[in-house]
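So for the sequence shown, numbering that gives the first Met the number 0 puts the first residue at 0; every next one is plus one. Contents: one structure, followed by commentary.
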Amino acid sequence: MSTEEEGVREKYCGWFDVLTTPLNACSLETYFPLLRDDGSDNQSAHIPLIVGCYQLNESSPVDPEDADAASSSAASSRCGELRLHMIPTPSTSKTEMQFGDAACVLQMESGVLDGKWKRRRKSNQSEDAIEYANGTPLFASACASGSIHIHGLQNNINDSNTNTTSWSLNHFASTYGQNDTGLCLALAWNDYLNNNGDQIVSSYSKGEVAIHQVSYSGDTNEVPKLEETHRWNAHTLFGCPSEVWTCSFLRGAESVVLSGADDCSMKVWDIRQTQRPVHKVGDAEFEAGVTAISSHPSLDGIFAVGSYDEHVRLYDYRKMNEPLSKVSVGGGVWRIKWHPSTWSGKSSCHGKLLVAAMHGGCRVVNFPSLNGDVEEYTIEEADVISEFTAHESMAYGADWISFGTSELEAAASCSFYDRKAFIWDSS
Numbered sequence: 000m001s002t003e004e005e006g007v008r009e010k011y012c013g014w015f016d017v018l019t020t021p022l023n024a025c026s027l028e029t030y031f032p033l034l035r036d037d038g039s040d041n042q043s044a045h046i047p048l049i050v051g052c053y054q055l056n057e058s059s060p061v062d063p064e065d066a067d068a069a070s071s072s073a074a075s076s077r078c079g080e081l082r083l084h085m086i087p088t089p090s091t092s093k094t095e096m097q098f099g100d101a102a103c104v105l106q107m108e109s110g111v112l113d114g115k116w117k118r119r120r121k122s123n124q125s126e127d128a129i130e131y132a133n134g135t136p137l138f139a140s141a142c143a144s145g146s147i148h149i150h151g152l153q154n155n156i157n158d159s160n161t162n163t164t165s166w167s168l169n170h171f172a173s174t175y176g177q178n179d180t181g182l183c184l185a186l187a188w189n190d191y192l193n194n195n196g197d198q199i200v201s202s203y204s205k206g207e208v209a210i211h212q213v214s215y216s217g218d219t220n221e222v223p224k225l226e227e228t229h230r231w232n233a234h235t236l237f238g239c240p241s242e243v244w245t246c247s248f249l250r251g252a253e254s255v256v257l258s259g260a261d262d263c264s265m266k267v268w269d270i271r272q273t274q275r276p277v278h279k280v281g282d283a284e285f286e287a288g289v290t291a292i293s294s295h296p297s298l299d300g301i302f303a304v305g306s307y308d309e310h311v312r313l314y315d316y317r318k319m320n321e322p323l324s325k326v327s328v329g330g331g332v333w334r335i336k337w338h339p340s341t342w343s344g345k346s347s348c349h350g351k352l353l354v355a356a357m358h359g360g361c362r363v364v365n366f367p368s369l370n371g372d373v374e375e376y377t378i379e380e381a382d383v384i385s386e387f388t389a390h391e392s393m394a395y396g397a398d399w400i401s402f403g404t405s406e407l408e409a410a411a412s413c414s415f416y417d418r419k420a421f422i423w424d425s426s
């Protein structure tokens, strides 16, 4: 740890580790714990964590919010990385959590603006079972070139005699953006389908939203195929295309897509007909651009929305006239992550979420009514449980690190201009 990092730690208590990324850190995504499969007796779990990086050039980093500036720069001057860290299970306490060295670093064809792990369950499996393609966790990334890439996480046995292993991200599929596509600003998997296909929704700096079909053959050695099936103009501002900062599918409504943009609106779309939105919430509610949307993993119709106006709002798709709840988080919202236990459907933390709030740092928020019965949702103020303010730049990425108990649970977050990532106490 450098002298500068020690100084930050002395000033801000509550964090366990820090790293500096070579490029500007734009997104941070974690996955469920994975057992190391090396044939040894050591069955300790590791949590995959990927930091997505974007940089225009060393002398003048471009803020991912400024899509116009990034689009006007030559594509050859952009660079990006996916940096994989495998977080081991702490032996005694969460305070031992460390990033460690990067297990894998991928140089991307352009800057990485967003990324998501596929977390979908098979409909005929138990609630705790997660579906992989060929047993491989999948990660999709959105790039400044307009492209989407899918990689698979692979555990490689390097030496069968010593049982040493390594982790890698293997390229599976891509869609390459055209010259007029603009930046791919965000994407999300459809983790709520009941059939055998997969979908990804993506949003762009030139006002568009697109749907991509991910298909698999019966051959276990064949990688997924990625094909765009829908694209439409979704948002405008003063007659010009508006940056669509965020998009999401919705649990309990397979054909519904949500989008949020710089035009201060959130729109609900039926992908079977996209000439006009099914519903729109505009500047009567939002005082600035809509930047983050996240569907609840186990409650039908429930989703959270973040905005530059420094608020997180909770909505029920069946009651769109007003939000169920609204809470100030002290900074413009860039990412929202539901507590990982909500994926099991058996959580007492249904209302708990992590927020990357840009210049405000990070917040852990709780919506109390979600912890009760669905029929008892009420309009109420949410609680800010904790905050993290050690970032000295815009906090753009945040996610949970959870090994299944509160004693072994923390959060990780990253900031753009100072290229920092922290692991910190979320309790």
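The beta carbon of each residue, even a glycine, is placed where N, CA and C say it ideally should be. Owing to the predicted nature of the structure, the values given are computational and were not obtained by experimental measurement.
- Distance from the CA atom of Val208 to the CA atom of Ser140, rounded to whole angstroms, is 15 angstroms.
- The alpha helix (DSSP H) runs lying completely inside the region 10–36 and spanning 4 residues or more number zero.
- Given a length threshold of 3 residues, each whole run of the beta strand (DSSP E) inside the region 255–305 is given here in chain order: 265–269, 278–280 and 289–294.
- Collapsing the DSSP output to three states places Ser368 in a helix.
- Annotation for Phe421: the continuous beta strand (DSSP E) segment containing it runs Lys419 to Trp423.
- Around the beta carbon of Asp100, fewer than 16 other beta carbons lie within 10 angstroms, which makes this residue exposed.
- Taking Val280 as the centre and dropping the five residues before and after it, the same chain places the C-beta of Met265 closer than 6 angstroms to its C-beta, in chain order.
- In the three-state DSSP reduction, Leu112 falls in the strand class (E or B).
- The region 236–246 and the region 256–270 touch, with three or more beta-carbon pairs separated by less than 8 angstroms.
- Straight across, the Cα-Cα distance linking Val304 with Ile156 is about 42 angstroms.
- When the Cα atoms are used, Glu380 and Ser327 turn out to be separated by approximately 10 angstroms.
- Note that the region 390–404 touches the region 335–345; at least 3 beta-carbon pairs, one per stretch, sit closer than 8 angstroms.
- Sorting Ser347, Ala102 and Gly79 by C-alpha distance to the C-alpha of Ile46 places Ala102 at the top.
- With respect to the 7 angstroms criterion, Ser204 and Gly238 are not classified as neighbours on the basis of their beta carbons.
- Rounded to whole angstroms, Lys325 and Gln274 show a C-alpha spacing of 30 angstroms.
- By the C-beta density criterion, Asn320 is exposed, having fewer than 16 other C-beta atoms within 10 angstroms.
- Beta-bridge analysis with DSSP links Asp179 to no other residue.
- Within the model, the alpha-carbon separation for Ser90 versus Asp190 is close to 32 angstroms.
- Under the Cβ criterion (8 angstroms, minimum of three pairs), the region 413–422 counts as touching the region 22–31.
- DSSP places Phe387 inside the beta strand (DSSP E), whose first and last residues are Asp382 to Phe387.
- Non-local C-beta neighbours of Thr174 in its own chain, meaning closer than 7 angstroms and more than five positions away in sequence, comprise Ser146, Ile147, His211, Leu225 and Glu227, ordered along the chain.
- Ala409 counts as buried, since no fewer than 16 other beta carbons sit within 10 angstroms of its beta carbon.
- Val311 is a Cβ neighbour of Val354, given a cutoff of 7 angstroms.
- The shortest CA-to-CA distance from Glu286 to any of Ser43, Glu309 and His229 is the one to Glu309.
- Rounded to the nearest whole angstrom, the C-alpha separation of Pro87 and Leu168 is 18 angstroms.
- According to DSSP, Tyr53 shares a beta bridge with Gly79.
- DSSP lists no bridge partner for Met319.
- If you ignore the 5 residues before and after Thr235, its C-beta comes within less than 7 angstroms of the C-beta of Gly206, Ser241 and Asp262, all in its own chain and listed in chain order.
- The three-state secondary structure of Thr235, taken from DSSP, is strand.
- Lys205 carries a coil assignment under DSSP once its states are collapsed to helix, strand and coil.
- In this structure His349 touches Leu298 by the C-beta definition: roughly 7 angstroms separates them, less than 8 angstroms.
- For Ser405, same chain residues with a beta-carbon under 8 angstroms away, outside a window of 5 residues either side, are Ser426 in chain order.
- Cβ-Cβ separation between Ala252 and Tyr316: approximately 6 angstroms, consistent with a contact (criterion under 8 angstroms).
- In this structure, the beta-carbon distance from Val363 to Ser385 falls below 7 angstroms.
- C-alpha of Val111 to C-alpha of Ser43: approximately 30 angstroms in a straight line.
- CA-to-CA, the gap between Leu152 and Thr388 works out to about 32 angstroms.
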